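First up is the structure itself, then whatever we jot down about it.
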Amino acid sequence: MTAYIKIAAMITLCMFIPPVGWLFMHKYSTFDRKTNVVLAAACLAFFVYANISAGNMQNILGSKEGFEQTMTPEQFREKFNASAKKLAPNLGIEIATPLTVANETFSYEFTPKLKIVGAVDGEKITALKIFTEPTTKDESFQTINVLGLLIATLNPELDIDDRSEVLRDLRMLKEVSTEGSYDWTTTRGRIKYSVHADNGKVVFTAAESDSNG
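Counting with this note's numbering, you get residues 196 to 408 for the letters of the sequence shown.
Shown next, in the form of structure tokens:
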């Protein structure tokens, strides 16, 4: 929801800055009409440039991360670790070793009960899965943090509130439930997130949304 508010604010500003600036300069500026138009255009260009530099234009144009562009396993590892360092520096979560592809897949084990597996087509990652069997609150907490970092890596335009909404849609905001069987799905940008649980085993999947292809 926060991302949509940002989008609305950005579009509103882009729509209103030129006419408001023009009216202000038309009334108070000592320059001629042509100079005022040039100044208004320059102000709008600076506003757009500043937001592009800050990364805010991703909220309007959509993220180009995820699986839309080629993301190799090593690029994913670097982006995941960067997200972990920025968002959870005290948790010690990282992919510590290079991701080696064999039979079009790669995997990394965070703990014996928590691992991530990626499917690869050529050099491009096409899907990522997190396999987990948490039996304690600490294991559940670590799983949610790894999932949150995965979301931050694939949808970097989402802030903490938006990532929490994804976890809420997957019924994983506070803990990973291992009771019974269930399936939940949600989509953000180009990425479809889903969770499947059965007999204490839980699988989270991130893959290209069907709407993109």
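For each residue, glycine too, the CB sits at the ideal point set by N, CA and C.
The structure presented is a predicted model; accordingly, all values stated were derived computationally and were not measured.
Using DSSP's beta-bridge definition, name the partner residues of residue i.
i      : result
Asp393 : Lys396
Asp378 : His391
Ala401 : Leu323, Tyr388
Rounded C-beta distance between residue i and residue j? I'm assuming under 8 angstroms.
i      : j      : result
Gly343 : Thr373 : Between Thr373 and Gly343 the Cβ distance is about 18 angstroms, and since that is not below 8 angstroms, they are no contact.
Ala279 : Glu289 : 5 angstroms
Asp378 : Ser389 : 7 angstroms
Thr382 : Lys319 : Their Cβ separation, rounded to whole angstroms, is 20 angstroms, which puts Thr382 and Lys319 out of contact at 8 angstroms.
Glu334 : Lys308 : 6 angstroms
Thr292 : Phe301 : That pair is no contact at about 11 angstroms.
Ala277 : Glu299 : Not quite, the Cβ-Cβ distance comes to about 25 angstroms (not below 8 angstroms), so this is no contact.
Leu349 : Ala401 : 6 angstroms
Between the options, which lies nearest to residue i when the distance is taken from Cα to Cα?
i      : options                        : result
Pro329 : Ala402, Glu370, Asn298, Ser404 : Glu370
Ile339 : Met367, Asn285, Ala402         : Met367
Thr375 : Pro293, Asp393, Lys281, Ala237 : At residue 375 the sequence reads Gly, which differs from the Thr that was named. Minimum Cα distance to Gly375 is reached at Asp393.
Leu282 : Val341, Thr292, Thr267, Phe305 : Val341
Thr327 : Phe399, Ile386, Leu362         : Phe399
Gly287 : Phe275, Lys308, Leu294, Val296 : Phe275
Pro351 : Asp227, Phe271, Val296, Val233 : Phe271
Leu439 : Thr331, Leu362, Gly317         : Here the chain covers residues 196 to 408 and nothing more, so residue 439 does not appear.
Glu403 : Gln337, Thr331, Asp316         : Asp316
Gln337 : Asn285, Asp227, Ala237         : Asn285
Leu365 : Ala347, Ala236, His391         : His391
Exercise. Any chance the segment 356-365 sits against the segment 320-333, with 3 or more Cβ pairs inside 8 angstroms?
Worked result: no
Exercise. What are the uninterrupted segments assigned as beta strand (DSSP E) that are 3 or more residues long and contained completely in the segment 253-318, given in chain order?
Worked result: 300-306, 309-316
Exercise. Curious, which full-length beta strand (DSSP E) runs of at least 3 residues does the segment 323-388 contain?
Worked result: 377-383
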